[in-house]
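According to the working numbering, the sequence shown holds residues 825 to 1260 in order.
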Amino acid sequence: MSRELAFLVSPSTGIVDNWLPVLAELKTRDPAHRLTVILPQPKFVDEIRSRSLLIRSLDRLTDRVIWRAPSGTWRESDSLMAIIGAAGAQKPLTGRISAALGRGRGRSDRPVPLAETRLIGARPVLLYDVYEEHKPYNAGIVPDELFSASYSLCHGINIADGGRTPSARPGFRATESALKPDTFLFSELERPYYRETYGLPEDRLHAVGIPRHEPDWVARVRREDAAALDPLPERFIGLISRSHNPSYLPKGRKLAALKALKRVADEVDLPIVVKRHPKQRGRRLVPLAQTDLYETAFGAAGLGRTWFETNAHWFALAPRCAFALSFFSGVVTDMAALGVPAVEWLDLAGLPECDTADALRASDGTPAFPYRYLGLVAAATTEADLRRFAQAAIERREETAAPMTARYREIFGDPRGAVARVADRIAPPAAPSAPG
């Protein structure tokens, strides 16, 4: 039986990476499934402008888009690409009207709850991330009465707090889920987090592995994104980018790390390829209003020669990647799954929000985030650490990646069958007809 599906794209278009293989499977099983994509923040228009493989693929599956315009009002379009022009045209028009009326953000310009728009229609199935349920920009989107059922899959791949029981930490506060969705876990280690943080009962928690790591899906992404590799070198250092953050990646520390990476890259004679985080706006995609740290660290004149920016998917980039450097990202699990050496550059020592009594600690006693704590990525806090890792990864790529891949399998299991395990719960396959 076909179903009405509503996909809440939040907190960024990065969530598409995890849900897309499931959406594709559902549409393959029954093309009559109708998919409505909900974009709750106007900033998503900038991310859609990238026209990455994820955005193009989602657009092909989409029947309707409901999106919040820059004015705060909800609007409807028939595709993701259609809203780019509509959003660009609407923003200045709204400004002119408001100015003419002399009322700034008047009543006509206020955000309207989705439930009041009557755009959703007959109670669809909600696909989202329970982590986003109580965010202010999603207020009014997820009331019980709007959807017939709900399913959650995390927007990023992260074992919260390394799998520790959340209530054991000082200051723990639960955020009770109103929807109590069926929630798909990447690993059994996540059960305590979802049970205690969101008040989800055990029968709503389903450990399935990581759907996007299904070998058939990885192969499909590589085929469909092959053209994005044309401007890139045959071998490079991959940079898993992330915006600087005062709590764990202060701007000065990030800039120092980028300069160290450039020196190491020059020493090993490899270019750097930057894949920006979905929340970042790339210089060659959407101009930045502020000074670009990459140009400062790598040199603006070297863009296209010694360093590159790309929208290519990491699955497509992985075979050419000598090793990858992260500033804290779930992409390191992609690298572990695909056998690519990855190192996380984070120096959390002395940072008030990170170097605490109850912080996770690496084997050497230094504060660590979950990926390093769980052994899914190597660690670097100095240029010397990075230099040693780079030499090992270049000389012994498979050997360097092997411990991370082994830990991946211990934590997440075999990804084969993960897509079907999720799709079967959302829309169970029809029972075979009885013979005769």
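Heads up, the beta-carbon is just placed ideally off N, CA and C, and yes, glycines get one too.
Bear in mind the structure is a predicted one, so any value in this text is a computation, not a measurement.
### Query
Can you check whether the CB of I1034 is closer than 8 angstroms to the CB of F1010?
yes
### Message
Please list the terminal residues of the continuous alpha helix (DSSP H) segment that includes T1229.
### Response
Element bounds for T1229: 1221–1236.
### Query
Where do the N-terminal and C-terminal ends of the alpha helix (DSSP H) with V840 fall, by residue?
839–853
### Message
Taking 6 angstroms as the limit between beta carbons, can you name the residues of its chain near D1158, skipping five residues before and five after?
### Response
W1138
#### Entry: DSSP three-state assignment for T1134, whether helix, strand or coil
Three-state DSSP puts T1134 in a strand.
### Query
Where do the N-terminal and C-terminal ends of the alpha helix (DSSP H) with F791 fall, by residue?
Only positions 825 to 1260 of the chain appear in this structure, which leaves residue 791 out of reach.
#### Entry: Whole beta strand (DSSP E) elements within the stretch 1041–1069, 3-residue minimum
If we require 3 residues or more, the beta strand (DSSP E) runs fully inside the stretch 1041–1069 come out as 1060–1064.
### Query
What are the start and end residues of the beta strand (DSSP E) that includes A1166?
1166–1169
### Query
Which whole-angstrom value describes the C-beta separation of P1005 and S976, a residue pair presumed to lie in contact below a C-beta threshold of 8 angstroms?
Contact holds; Cβ gap of about 4 angstroms.
### Query
In terms of residue numbering, what span does the alpha helix (DSSP H) encompassing L1024 cover?
Run containing L1024: none; DSSP gives neither H nor E here.
### Query
Quick one, are the C-beta atoms of P1239 and A1183 less than 8 angstroms apart?
no
### Query
In or out: A1230 buried (at least 16 other Cβ within 10 Å) or exposed?
exposed
### For V1243, the first and last residue of its enclosing alpha helix (DSSP H)
1242–1250
### Message
Checking 8 angstroms against the spacing of the C-beta atoms, do S1153 and I1096 come in under that value?
### Response
No, the pair does not count as a contact, with Cβ atoms beyond the cut-off.
### Query
Taking the DSSP output, what are the residues bridged to K1083?
In the DSSP output, where bridge partners are listed per residue, K1083 has none listed.
### Task
Measure the alpha-carbon distance for A1214 versus E1020 and round it to whole angstroms.
Each residue's Cα considered, the two are about 40 angstroms apart.
### Task
Out of D1248, V846, V833, P1194, state which residue places its alpha-carbon closest to the alpha-carbon of E956.
Nearest C-alpha to E956: V833.
### Task
Find out if the Cβ-Cβ distance for the pair T1007, R1036 is shorter than 8 angstroms.
no
#### Entry: Nearest-angstrom Cβ-Cβ length linking G987 and L1013, presumed shorter than 8 angstroms
3 angstroms
### Message
Pop quiz: E900 and R858 are said to be a contact at Cβ under 8 angstroms. What is the actual Cβ separation, rounded to whole angstroms?
### Response
The C-beta distance from E900 to R858 rounds to 14 angstroms, too long to fall under 8 angstroms, and the pair is not in contact.
### Counterpart residues of D1179 in DSSP-defined beta bridges
Answer is none; D1179 lacks a bridge partner.
### Message
What would DSSP say about T860, mapped onto helix, strand or coil?
### Response
strand
### alpha helix (DSSP H) segment containing D1158, residue limits
First-last of the alpha helix (DSSP H) with D1158: 1155–1162.
### Query
With a Cβ-Cβ cutoff of 8 angstroms, do V861 and T886 count as a contact?
yes
### Query
Which one or two residues does DSSP pair with R1019 in a beta bridge?
DSSP, once it has assigned bridges, lists no residue as partnering R1019.
### Task
Would you check if the distance between the CB atom of L1210 and the CB atom of A1217 is smaller than 8 angstroms?
no
### Task
Using the Cα positions of L844 and V1167, report the straight-line distance between them to the nearest angstrom.
So the alpha carbons of these two residues sit roughly 27 angstroms apart.
### Query
The beta strand (DSSP E) with S1347 in it runs from where to where?
The first residue shown for the chain is 825 and the last is 1260, placing residue 1347 beyond what the model contains.
### Query
Which value, in whole angstroms, describes the spacing of the CA atoms of P855 and P1252?
Approximately 14 angstroms between the Cα atoms of the pair.
### Rounded distance between the beta-carbons of P948 and F971, thought under 8 angstroms
6 angstroms
### Query
Just how far apart, CA to CA, sit W1131 and L1085?
W1131 and L1085: Cα-Cα distance of roughly 11 angstroms.
### Query
On the three-state DSSP scale, how would you describe D1270?
What the structure shows of the chain is the stretch from 825 to 1260, and residue 1270 is not part of that stretch, so it cannot be assessed.
### Query
In angstroms, rounded to a whole number, what distance separates the CA positions of L1141 and N962?
33 angstroms
### Message
Measuring straight from C-alpha to C-alpha, what distance separates L904 and R1046?
### Response
22 angstroms
### Query
Can you round the beta-carbon distance between C978 and N842 to whole angstroms, since I take them to be within the 8 angstroms contact cut?
Contact holds; Cβ gap of about 7 angstroms.
### Query
By Cβ distance below 6 angstroms, which residues in the same chain neighbour T852 in space, the five residues on each side in sequence not counted?
Counting only Cβ-Cβ distances below 6 angstroms, and skipping sequence neighbours, we find nothing.
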